[in-house]
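Q: Below you will find the structure I want to go over with you.
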Amino acid sequence: MKCNAANPKESGHVDIWQETFPVRFGSIDKSDRLTLSAMFQFFQEAAICHAENLDAGREDLAKAGQVWILSRISVTVDRRPAYRELVTVRTWPRGSEKLFAIRDYDIRDKDDIPAVAGRSGWLVVDIEKRRPLRPQAVVNLLPANEGVNALNWGPASLEERADLQKIMERKALYTDIDYNGHVNNVRYIQWIEDAVDPGLLEAAGKMRLDINYLNEIRGDETIDILSAPVADEKAFAAFAFDSRKHETNQSAFRAELRLYK
1 MKCNAANPKE
11 SGHVDIWQET
21 FPVRFGSIDK
31 SDRLTLSAMF
41 QFFQEAAICH
51 AENLDAGRED
61 LAKAGQVWIL
71 SRISVTVDRR
81 PAYRELVTVR
91 TWPRGSEKLF
101 AIRDYDIRDK
111 DDIPAVAGRS
121 GWLVVDIEKR
131 RPLRPQAVVN
141 LLPANEGVNA
151 LNWGPASLEE
161 RADLQKIMER
171 KALYTDIDYN
181 GHVNNVRYIQ
191 WIEDAVDPGL
201 LEAAGKMRLD
211 INYLNEIRGD
221 ETIDILSAPV
231 ADEKAFAAFA
241 FDSRKHETNQ
251 SAFRAELRLY
261 K
């Protein structure tokens, strides 16, 4: 199924959204394999299409003065699909947990074997007050997909660490900002990738990333990105990340990245 950009609702409501396409040149790194940020981009686009298909998209929520905001997501990568490989991206709602609307994702190969799996927690936010609302009024109208799990856990909640050191600085510019007026969730993943030695990312066949989006970054705001190693015997490299907004010293995001052979 393809996302009809003009009107995804024309497809008729579906419990699980899926799209099949080849891995394109702009989605790979020097190792000729799909980047982590490209996976997040696939998930974002599929989630947008599915929400619209289920009458719970951007325009639908805007009528009630509400908006979807991604709060946290955990993704495991068992294999990184290669350039021009045909993949199927799937996503589906999985009910709610407290303030979070849960949505799962996976990326499968041509033999229907999962290569990437993810679970996310979304907030339904009042646009005017910019405060989260209880999501059940929206979630209860969506397919529950009970027992259909990409991951049986997550999305992980990450604790603040005191041992992180500043490694880079980023200012939110025009290309970082999305429809909601803040830095897009995929851009954070690109910033994390840029903070890691490229050779480590290119060498990784398997990965895990957990990220919590804590405070939005608006245009022209500047943040420090902090990092420190994480102890993980199974990973050949692992890092914790945090961030500090210059004006308020608030943490904008918190993340942990693990790389495996």
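Using UniProt numbering, the first residue of the sequence shown is number 1, and each one after it goes up by one. Beta carbons: idealized from backbone N, C-alpha and C, even for Gly. Owing to the predicted nature of the structure, the values given are computational and were not obtained by experimental measurement.
Determine the direct distance from the alpha carbon of N249 to that of M1, and round the result to whole angstroms.
A: One-based indexing of the sequence shown puts residue 1 at position 1. One-based indexing of the sequence shown puts residue 249 at position 249. Unreliable placement is indicated for M1, whose pLDDT of 48 sits below 50; the coordinate value is still reported in the next sentence. Going from the Cα of M1 to the Cα of N249 covers about 44 angstroms.
Q: Taking only three categories from DSSP, how would you classify N212?
A: For the purposes of this step, residue 212 is taken as the residue at position 212 of the sequence shown. Here N212 sits in strand by DSSP.
Q: Identify the continuous alpha helix (DSSP H) that holds G181 and give its terminal residues.
A: Numbered from 1 along the sequence shown, position 181 holds the residue referred to as residue 181. Looking at the DSSP string, G181 is not in any alpha helix (DSSP H), and its letter there is neither H nor E.
Q: Would S96 and P132 qualify as a contact pair, given that the criterion is a beta-carbon distance under 7 angstroms?
A: In the sequence shown, residue 96 corresponds to position 96, counting from 1. In the sequence shown, residue 132 corresponds to position 132, counting from 1. No, these two residues do not count as a Cβ contact at 7 angstroms.
Q: Out of curiosity, what's the CA-to-CA distance linking E221 and D112?
A: What you label residue 221 is simply residue 221 of the sequence shown in a count that begins at 1. What you label residue 112 is simply residue 112 of the sequence shown in a count that begins at 1. So the alpha carbons of these two residues sit roughly 43 angstroms apart.
Q: Report the residue from R90, P81, R258 and A144 whose alpha carbon sits nearest the alpha carbon of R24.
A: The sequence position of residue 24 within the sequence shown is 24, counting from 1. Nearest of R90, P81, R258 and A144 to R24, Cα basis: P81.
Q: CB F21 to CB Y105, shorter than 7 angstroms?
A: The residue labelled residue 21 in the question sits at position 21 within the sequence shown. The residue labelled residue 105 in the question sits at position 105 within the sequence shown. Cβ distance not < 7 angstroms, so F21 and Y105 don't count as in contact.
Q: Counting C-beta neighbours from all protein chains within 10 Å, is the total for P198 16 or more, i.e. buried, or is it exposed?
A: Counting from one through the sequence shown, the residue named residue 198 turns up at place 198. Exposed, because fewer than 16 other Cβ atoms sit within 10 Å of the Cβ of P198.
Q: Once DSSP output is grouped into helix, strand and coil, what is the label at G118?
A: The residue given as residue 118 occupies position 118 in the sequence shown. Three-state DSSP puts G118 in a strand.
Q: Would you mind sorting R157 into buried or exposed? The rule is 16 or more other CB atoms within 10 Å of its CB.
A: Position 157 of the sequence shown, counted from the first residue, corresponds to residue 157. It should be pointed out that residue 157 corresponds to Ser in this sequence rather than to Arg. Exposed, because fewer than 16 other Cβ atoms sit within 10 Å of the Cβ of S157.
Q: Return the residue from the list G118, R161 and E128 that minimises the CA-CA distance to F40.
A: Here residue 40 refers to the residue found at position 40 when the sequence shown is read from its first residue. Of G118, R161 and E128, the residue nearest in Cα terms is G118.
Q: Using C-beta distances below 6 angstroms, list every residue in its chain close to K171, excluding the 5 sequence neighbours before and after it, in chain order.
A: Residue 171 sits at position 171 when you count from the first residue of the sequence shown. Result list for K171: T222, in chain order.
Q: Excluding sequence positions up to five away, which residues of its chain have a Cβ less than 6 angstroms from the Cβ of N215?
A: Locating residue 215 in the sequence shown gives position 215, counting from the first residue. Q250 and A252.
Q: Near Y174, which residues of its chain fall below 8 angstroms by C-beta distance, leaving aside the five closest residues on each side in sequence?
A: Locating residue 174 in the sequence shown gives position 174, where the first residue counts as 1. If we look at Y174 and ignore the five residues flanking it on each side, its Cβ neighbours are G219.
Q: What do you reckon, are the CB atoms on D29 and E202 nearer than 7 angstroms?
A: Sequence index remark: in the sequence shown, residue 29 carries index 29 (1-based). Sequence index remark: in the sequence shown, residue 202 carries index 202 (1-based). Going by C-beta atoms, D29 is nearer than 7 angstroms to E202.
Q: Considering only C-alpha positions, which residue in the set D232, I217 and W92 is nearest to I225?
A: The sequence position of residue 225 within the sequence shown is 225, counting from 1. When each option's Cα is compared against that of I225, the closest is I217.
Q: Quickly, what does DSSP pair M39 with across the bridge? List them, please.
A: Within the sequence shown, numbered from 1, the residue matching residue 39 stands at position 39. M39 is not bridged to any residue.
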